Amino acid sequence: MAKAYNARCIVLKHTKLGETDVIVTMIAEDGRQIRAVAKGLRKPGNRIGARLELFGEAELLLHEGRSLDIVREVRTIATNAAIRDELERTASASVEAELLEKLGRDGVILGERMYEMSATALRAMAEAPARKSVLIVAAFLLKAMAMQGFAPATRECALCGTPIERVHGFDVSYGGALCDACLSRLGICTTIDPAASAWIEALIFSTFAEIGEIESYPEIELLDLAHMWVREHAGFELKSIAFLKMLLM
Ligand SMILES: [Zn+2]
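Numbered as in this note's numbering, the sequence shown ends at 257 without a single skipped number.
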């Protein structure tokens with residue numbers, strides 16, 4: 009008999025399978041990725057379909073299958089329905105989901121803290137005004153990369169460790185803020201606006217609720233910057249960012 013197990017999960021991605029089935033990609037509470045088949049999910053009135061919507065959080069009963077596991081039962085924890093009702097929120101949450109899906113491939117376990125942070129970010133996106141979801145996801149990208157061991161230096165030089173009073177240079181590939189001595193030694197110009205360094209620090213060290221209350225911010229610049237950081241240190245592109253930026257133009 010197939011082994012059954014329970015898992016608390018966030019739904020990241022739906023992939024069509026055959027006529028009516030769907031492969032659901034999820035991050036589980038322990039931070040591992042689960043890909044499971046939800047049979048008949050695309051049939052109208054499917055019993056579990058509404059409980060496995062994108063960006064929702066649910067408690068699942070799964071059966072181990074030969075290649076993919078099978079979803080048997082689903083109990084909703086958080087629908088996060090407001091994310092799917094508003095395009096800016098949906099596009100922002102898609103960026104979060106893409107990062108989690110790509111980081112968690114090939115059996116990489118992202119850990120419980122990553123799960124908790126991801127669930128908190130989605131709830132914040134559902135509750136904050138739609139436009140704020142952009143800043144929330146930029147913060148999510150930076151926080152997630154910091155959790156993976158790639159926190160940018162913001163108060164000390166990324167190369168020599170000298171404390172920096174006022175940041176004049178910030179370089180994504182060197183790992184963050186650079187002191188004036190290192191900047192001139194390397195002969196590089198700042199690759200991003202040094203003021204962004206203060207923003208990066210604010211995004212990493214503020215809670216999502218606090219971020220949702222920030223009044224004005226350079227959202228596109230911060231999103232680009234967070235994406236540059238992901239590209240450099242995780243080594244992949246986030247395709248969903250292009251759509252989100254298109255909405256913001
Ligand atoms: Zn230095």
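Even for Gly, the Cβ is constructed at its ideal location relative to N, Cα and C. Quick caveat, the model's predicted, so the values are computed rather than measured.
Using 8 Å as the threshold, is the region 143-152 in touch with the region 163-171, meaning 3 or more CB pairs across them? no
What are the boundary residues of the alpha helix (DSSP H) that includes F216? 216-219
Close beta carbons around R239, own chain, < 7 Å, minus the five adjacent residues each side: E245
Beta carbon nearer than 6 Å to a non-hydrogen atom of ligand 1: C165, L167, C168, T170, L186, C187, A189, C190
For D114, is the classification buried or exposed, using 16 other Cβ atoms within 10 angstroms of its Cβ as the cut-off for buried? exposed
Simplified DSSP assignment, three categories, for E135: helix
Beta-bridge partners of Y13, as assigned by DSSP: Within the DSSP secondary-structure output, Y13 pairs in a beta bridge with L70.
Helix, strand or coil: which one does DSSP assign to R80? strand
Pull the bridge partners of V19 from the DSSP assignment, please. When DSSP reads this structure, V19 sits in a beta bridge with M34.
Per-residue burial, P137 [other beta carbons within 10 Å of its own, 16 or more giving buried]: Exposed is the call here.
Could you name each continuous alpha helix (DSSP H) segment of 4 residues or more that falls completely within the region 170-203, going from the start of the chain to the end? Note on the region 170-203: whole alpha helix (DSSP H) runs with a minimum of 4 residues are 188-194, in chain order.
Residue(s) in a DSSP beta bridge with K24: V30
Taking the straight line between their C-alpha atoms, what separation do you get for V103 and G195? Rounded to whole angstroms, V103 to G195 spans 35 Å at the Cα level.
What residue does the alpha helix (DSSP H) around R97 start on, and which one ends it? 95-111
What residue does the beta strand (DSSP E) around R264 start on, and which one ends it? The structure shown does not extend to residue 264, since the chain spans only 9 to 257, so no value can be given for it.
Whole-Å CB distance - A185 paired with T162, under 8 Å assumed: 6 Å
V82 vs R59 beta-carbon contact at 8 Å: The answer is yes: Cβ separation under 8 Å.
Inter-residue Cα distance where the pair is D201 and Y225: 14 Å
Buried or exposed by the 16-neighbour rule on C-beta atoms within 10 Å, applied to P160: buried
On a CA-only basis, which of S141, R92, R16 is nearest I42? Give me that one, please. R16
From K253 to R121, what distance separates their C-alpha atoms? 28 Å
How would you write the range of the alpha helix (DSSP H) that D232 sits in, first residue to last? Going by DSSP, D232 is part of the alpha helix (DSSP H) stretching over 227-242.
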